[in-house]
Structures are given as C-alpha cells and as structure tokens.
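Trainee: In my numbering, the protein residues as written are 32 to 114.
Just so you know, even glycine gets a beta-carbon here, dropped at the ideal spot from N, CA and C.
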Amino acid sequence: MRKRVLVVFAVLLVLVIALTAGLYLTSSGKTEASKQDNLVGINEVEKLLEDGNVDQAYEKLYYLSEDMRLSEEGGQKDWRILL
C-alpha cells in the first residue's frame, strides 16, 4: 500500500516538474517572438521617417512603445500596432 502511494506521489511530482518546464519554455518563446515583432515595428518606423511620413511614424512608434510596455507586463498586444 505504501509503495503504491509513493509511486503515485512520484508520478505527480514528475508531472508538475514537466508542466513547469513547459510553461517556462513557452513563455521564453513568446518573449523572443515579441522582440522580433518589435524589431519589425522599429524598421517600419524608420521607413516611414525616411519617406517623410512623420505623423504616421509617430503614431506607429506610440503603439509600438505601448506594445512593448504591455508585453513586459504580460498584457495583450494592441491590435493598432498592425496598422
């Protein structure tokens, strides 16, 4: 009986460790993807500035900075960053 309880406890412990590792790896992947999105956004702002579209570049930069702030806080991305 005790052996069965120990086996169940060991299996549950392994599952908790595996889930924790999976969540960690998933969250770090999101961070890398978010960094790539931010780099693309910065490149778009540079292109808008080169083309002389200062107002659009300012608006894009504003939403990009909000997106960076939200991603650091764990919030959702702002859909307007895609505009």
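Taking 8 angstroms as the CB-CB limit, is L101 close to chain C?
Mentor: Absence of chain C from the displayed structure is noted, only one protein chain being present.
Trainee: Going by beta carbon distance, what residues of the same chain come within less than 8 angstroms of E75, once the five residues before and after it are set aside?
Mentor: So the qualifying residues of the chain are K91.
Trainee: Using only CA atoms, which one of I73, K34, D82 and V36 lies nearest to Y94?
Mentor: Among I73, K34, D82 and V36, the Cα nearest to that of Y94 is on I73.
Trainee: Should D82 go down as buried or exposed, given a rule of 16 or more other Cβ atoms within 10 Å for buried?
Mentor: By the neighbour-count rule (16 or more Cβ atoms within 10 Å), D82 is not buried but exposed.
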